[in-house]
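Read through the structure below, which is laid out as structure tokens, and then see the notes.
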Amino acid sequence: MPSAAHPLDLIPLLLCPVCGEQLEAAGQIAAQGLRCAAGHQYDGARQGYVNLLTGRGTRFIPDTAEMVAARDAFLGAGLYAPLARQLAAKAGTLLAGTPTPVLLDAGAGTGYYLEAVLRTLADGRALALDLSKFALRRAARVLPDALCVVWDLWKPLPLAAGSSDLILNVFAPRNPAEFVRVLKPGGHLLVATAAPGHLDELREVVPLLAVDTDKSERLGETLADGFEEVESVALQVPLQLAAEDIVRLVMMGPNAHHVDAGEVRAAANAAAGSDGAQLPVTARFTVAAYRRRGRR
Ligand SMILES: C[S@@+](CC[C@H](N)C(=O)[O-])C[C@H]1O[C@@H](n2cnc3c(N)ncnc32)[C@H](O)[C@@H]1O
Ligand SMILES: [Zn+2]
1 MPSAAHPLDL IPLLLCPVCG EQLEAAGQIA AQGLRCAAGH QYDGARQGYV NLLTGRGTRF
61 IPDTAEMVAA RDAFLGAGLY APLARQLAAK AGTLLAGTPT PVLLDAGAGT GYYLEAVLRT
121 LADGRALALD LSKFALRRAA RVLPDALCVV WDLWKPLPLA AGSSDLILNV FAPRNPAEFV
181 RVLKPGGHLL VATAAPGHLD ELREVVPLLA VDTDKSERLG ETLADGFEEV ESVALQVPLQ
241 LAAEDIVRLV MMGPNAHHVD AGEVRAAANA AAGSDGAQLP VTARFTVAAY RRRGRR
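Residue numbers (the numbering used here): 1 to 296.
Put into structure tokens, the structure is as follows:
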């Protein structure tokens, strides 16, 4: 018997990106994939995700297998667990009183935060979207009950209007107009971003991409048309990083596209040493909740 949260339940929420018709399972998703009434077919992967990006695909560079492995190891060590707890608690509050809520994690990566959120909800059902099939392979493993879909968030989302109760968006691109469309009236968007000063101590030892300091202001502006802010909370997480943590932290994000792995390792060893010494670093996040405006 499939559980109440079986991914098959969510398939009717998916729309064919070519013609907009509802998608349906052609059999076992992993073996036969999904198809629409007009006959457009999408492959399912043995690893548990489905790829709706066909044709020319996308012009964005997805996270690589190496970046995903670094993120998995870093997050698996629990270094950002306070952020996961904060997101889970906030999602629980926002969804209180919503039976069997549908969550959409837009840019879910390895599913680390979505897993933490689902664990606190008795009956949440989830869709995980990401451009990286390497990330979704891992997400499908940790979230066997979620529907994991390879998709580009800058394109119209392959989801029915009003299909989601909560969108989770953690360090990932945002598409405000599409987020409004796929949320139910009164639905929420929960966003985590890096805040000014994030990992500043690390910047002194490794050249990192700059954090956009007026990000939270601009985030509010880009969301203003469709959303009202419910709450914005600053979260500081003091970390003690060993050399290996430093390497993973740098190589798990967009910095990986710009730095040399050997140079990062040398800098990490110089900063934290191989004898167990650790570098004190502060991670700074903003966790903001928004409510979708409008009744329709
Ligand atoms: C910094 S990671 C964050 C992942 C996850 N939310 C986490 O915090 O662990 C950014 C994620 O966004 C995904 N991504 C980047 N551009 C994207 C796009 N245009 N559409 C969908 N996903 C995208 C990447 O593949 C990556 O998994
Ligand atoms: Zn179709």
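Backbone N, C-alpha and C fix where the C-beta goes; we use that ideal spot for every residue, glycine too.
Can we count residue i as close to ligand 2, meaning its CB is less than 7 Å from some heavy atom?
{"i": "Ala234", "result": "no"}
{"i": "Val18", "result": "yes"}
{"i": "Glu21", "result": "yes"}
{"i": "Ala307", "result": "Lying before the first or after the last residue shown, residue 307 is absent from the chain, which here runs from 1 to 296."}
Look at the Cβ atom of residue i, then the Cβ atom of residue j, and state whether they are nearer than 8 Å.
{"i": "Pro176", "j": "Gly107", "result": "no"}
{"i": "His198", "j": "Arg291", "result": "no"}
{"i": "Lys133", "j": "Val149", "result": "no"}
{"i": "Leu15", "j": "Pro158", "result": "yes"}
{"i": "Leu143", "j": "Val205", "result": "no"}
{"i": "Arg34", "j": "Ala45", "result": "Looking at the sequence shown, residue 34 is not Arg but Leu. For Leu34 and Ala45, no; Cβs fall outside 8 Å."}
{"i": "Val287", "j": "Leu235", "result": "yes"}
{"i": "Ala194", "j": "Phe171", "result": "yes"}
{"i": "Ser163", "j": "Val237", "result": "no"}
Any heavy atom of ligand 1 closer than 7 Å to the Cβ of residue i?
{"i": "Val117", "result": "no"}
{"i": "Val170", "result": "yes"}
{"i": "Asp225", "result": "no"}
{"i": "Thr110", "result": "yes"}
{"i": "Tyr113", "result": "yes"}
{"i": "Gly253", "result": "yes"}
{"i": "Arg137", "result": "no"}
{"i": "Ala107", "result": "It should be pointed out that residue 107 corresponds to Gly in this sequence rather than to Ala. Yes, Cβ of Gly107 sits closer than 7 Å to a heavy atom of ligand 1."}
{"i": "Asp200", "result": "no"}
Could you compute how far the alpha carbon of residue i sits from the alpha carbon of residue j?
{"i": "Pro12", "j": "Cys36", "result": "10 Å"}
{"i": "Pro207", "j": "Val281", "result": "15 Å"}
{"i": "Asp130", "j": "Ala266", "result": "32 Å"}
{"i": "Asp225", "j": "Leu118", "result": "29 Å"}
{"i": "Pro82", "j": "Ala91", "result": "14 Å"}
{"i": "Ala270", "j": "Leu94", "result": "44 Å"}
{"i": "His257", "j": "Leu121", "result": "36 Å"}
{"i": "Phe285", "j": "Val247", "result": "20 Å"}
{"i": "Ala380", "j": "Ala268", "result": "Not covered by the structure: residue 380. The range shown for the chain is 1 to 296."}
{"i": "Asp260", "j": "Arg138", "result": "25 Å"}
{"i": "Ala161", "j": "Glu201", "result": "43 Å"}
{"i": "Ala77", "j": "Asp245", "result": "9 Å"}
Just to check, is the beta-carbon of residue i closer than 7 Å to a non-hydrogen atom of ligand 4?
{"i": "Pro62", "result": "Among the ligands in the structure shown, ligand 4 does not appear; only ligand 1 and ligand 2 can be found there."}
I need the DSSP call for residue i, collapsed to helix, strand or coil.
{"i": "Glu231", "result": "strand"}
{"i": "Glu24", "result": "strand"}
{"i": "Pro238", "result": "strand"}
{"i": "Ala272", "result": "helix"}
{"i": "Asp105", "result": "strand"}
{"i": "Gly44", "result": "strand"}
{"i": "Ile11", "result": "helix"}
What first and last residue would you give for the alpha helix (DSSP H) that runs through residue i?
{"i": "Arg137", "result": "Lys133 to Val142"}
{"i": "Pro82", "result": "Ala81 to Leu94"}
{"i": "Ile246", "result": "Ala243 to Met251"}
{"i": "Asp200", "result": "Asp200 to Arg203"}
{"i": "Ala69", "result": "Ala65 to Gly76"}
{"i": "Leu118", "result": "Tyr112 to Thr120"}
Hey, quick one: how far does the beta strand (DSSP E) through residue i stretch, first residue to last?
{"i": "Arg291", "result": "Leu279 to Arg292"}
{"i": "Thr193", "result": "Leu183 to Ala194"}
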